[in-house]
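First residue of the sequence shown: 20, per this note's numbering; consecutive thereafter. Below is one structure, written out as structure tokens; comments come after it.
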Amino acid sequence: MLTPEESISIQHAIGSDIMMQLDDVVHTLTVGPRVGEAMWRTIRWLDRCIDFHENSGRKNSQSLFAIVQGGIDPELRDQCLDEMVKRKDRVAGYAIGGLSGGEEKECKSSFEFIRPHSDADGRDRIKQCADKLPEDRPRYSMGIGFAEDLLVCVALGVDMADCVFPTRTARFGVALTFNGPLNIRLKKHATDLRPIDETCTCPTCTSGTSRAMLHHIVTLETAGAHALTQHNIVFQARVMGGARDAIMNGTFPTYLKTFFANYFGDTGYPEWCVNALRSVGVDLLEDRPHTKIIAGDATKWEYSDAA
């Protein structure tokens with residue numbers, strides 16, 4: 020059985036710049052005593068991780084992050100936050116965990132901080148965590164990868180995120196762009212000699228690899244998935260880099276409005292995006308009052324007729 024000490028020892032050995040504490044993770048939809056049990060165990064394990072890390076002499080060379088648990092129960096989240104904040108001087112940052120467990124989007128409480136069953140329930144969990152965590156420590160939301168999710172999380176107070184999404188969706192033949200995803204497998208790309216995105220600086224786009232070439236190889240060779248992966252990772256970095264620059268320049272609301280207008284176009288905005296951003300003072304409909312609102316998650320990239 021993996022122990023907190025062994026977990027940190029392994030991360031020491033591989034040289035992780037940011038190490039995560041060992042936590043007890045329950046399925047997002049779990050309710051009842053098991054959620055509280057996991058939360059308190061996570062706190063106890065954090066103390067063991069901290070002690071082992073500090074005694075190793077590596078505290079100044081590798082950063083340890085605590086993980087906030089508590090499911091979608093606001094009281095448990097508050098209790099966990101209180102305990103985690105008490106240990107502020109002994110950790111380098113905080114992760115918001117337990118809100119992205121890989122469930123189907125239609126029932127995904129992992130995104131309930133922004134995607135409603137009840138409109139505000141889980142959206143409030145991410146904002147609850149971001150609001151209570153120290154401002155001088157990074158806040159990292161685990162398992163968030165869709166571009167719209169990333170930007171909504173940033174608006175709610177998150178600094179960092181990670182996800183397999185850009186690589187996984189590349190294996191499905193989907194390229195991410197600021198005008199929406201491209202399903203490269205579709206026949207309409209078979210004779211298109213343009214790159215995925217003429218403004219992109221990724222190796223795939225700058226090497227002259229065309230959509231037609233990608234269409235030809237994506238179902239035949241792993242090289243197709245590799246090429247799309249390179250592009251998708253650079254796209255994610257551009258999205259977040261643009262958000263960072265906009266925040267520094269005081270133009271983040273404008274950046275959000277421009278991104279959503281280009282990304283979703285005339286297909287309409289996901290309702291949860293509109294509601295989540297409105298909760299922090301950004302009205303996507305301010306300049307586009309007649310934009311269609313799509314109930315549910317509106318996961319555009321999954322559709323066979325993606326742009």
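Cβ atoms here follow ideal geometry from the backbone N, Cα and C, with glycine treated the same way.
Next item on the list: Return the residue from the list 249, 192, 207, 243 that minimises the CA-CA distance to residue 220.
Entry: 249
Check: So, helix, strand or coil for residue 248, using DSSP?
Finding: helix
Next item on the list: State the Cα-Cα distance for the pair residue 60 and residue 269, rounded to the nearest angstrom.
Entry: 41 Å
Check: Taking Cβ to Cβ, would you say residue 236 is nearer than 8 Å to residue 223?
Finding: no
Margin query: Counting C-beta neighbours from all protein chains within 10 Å, is the total for residue 179 16 or more, i.e. buried, or is it exposed?
Written below: Classification for residue 179: buried.
Item checked: For residue 115, three-class secondary structure by DSSP -> strand
Check: Taking one C-beta from the region 147–158 and one from the region 274–285 each time, how about it: are there three or more such pairs within less than 8 Å?
Finding: No, they do not touch.
Check: Got a sec, what are the start and stop residues for the beta strand (DSSP E) residue 203 sits in?
Finding: That residue, residue 203, is in no beta strand (DSSP E); it is neither H nor E in DSSP.
Check: Is DSSP giving residue 153 helix, strand or coil here?
Finding: coil
Next item on the list: Classify residue 41 as helix, strand or coil using the three-state DSSP reduction.
Entry: coil
Notebook entry, point to check: According to DSSP, which residues form a beta bridge with residue 274?
Noted result: DSSP, once it has assigned bridges, lists no residue as partnering residue 274.
Margin query: Here's the rule: buried if 16 or more other CB atoms are within 10 angstroms of the residue's CB, otherwise exposed. What is residue 85?
Written below: buried
Next item on the list: Would you mind reading off the limits of the beta strand (DSSP E) that contains residue 84?
Entry: 82–87
Check: Taking C-beta to C-beta, are residue 152 and residue 104 nearer than 8 Å?
Finding: It is a contact, given that the beta carbons lie within the stated cut-off.
Notebook entry, point to check: What's the call for residue 228, buried or exposed, on a 16-neighbour Cβ count within 10 Å?
Noted result: buried
Note to self: Using the Cβ count rule (16 or more neighbours within 10 Å means buried), how would you classify residue 297?
What the structure shows: exposed
Note to self: Using the Cβ count rule (16 or more neighbours within 10 Å means buried), how would you classify residue 127?
What the structure shows: Because residue 127 sits at a pLDDT of 39, beneath the cut-off of 50, its placement in the model cannot be relied upon, and the following sentence gives the value as read from the coordinates. It is buried - the Cβ of residue 127 has at least 16 other Cβ atoms within 10 Å.
Next item on the list: Compare the C-alpha of residue 243 against each of 253, 254, 230 and name the closest.
Entry: It is 230 whose Cα lies nearest to the Cα of residue 243.
Notebook entry, point to check: Between which two residues does the beta strand (DSSP E) containing residue 179 stretch?
Noted result: 179–181
Notebook entry, point to check: By how many angstroms is the C-alpha of residue 171 removed from the C-alpha of residue 273?
Noted result: 13 Å
Item checked: Alpha-carbon spacing of residue 33 relative to residue 117, whole angstroms -> Cα-Cα distance, rounded: 25 Å.
Notebook entry, point to check: Would you call residue 143 buried or exposed, if buried means 16 or more other Cβ atoms sit within 10 Å of its Cβ?
Noted result: The residue is buried, with at least 16 neighbouring Cβ atoms inside 10 Å.
Next item on the list: Return the chain-ordered list of same chain residues with a C-beta closer than 7 Å to the C-beta of residue 276, the five sequence neighbours on each side being excluded.
Entry: 303, 306
Margin query: I'd like to know whether the C-beta atoms of residue 182 and residue 162 end up nearer to each other than 8 Å.
Written below: For the pair residue 182 and residue 162, the CB atoms are nearer than the 8 Å cut-off.
Next item on the list: Closer than 6 Å by C-beta to residue 208: which residues in its own chain qualify, once you throw out the five before and the five after it? Chain order, please.
Entry: Here the set comprises 230, 234.
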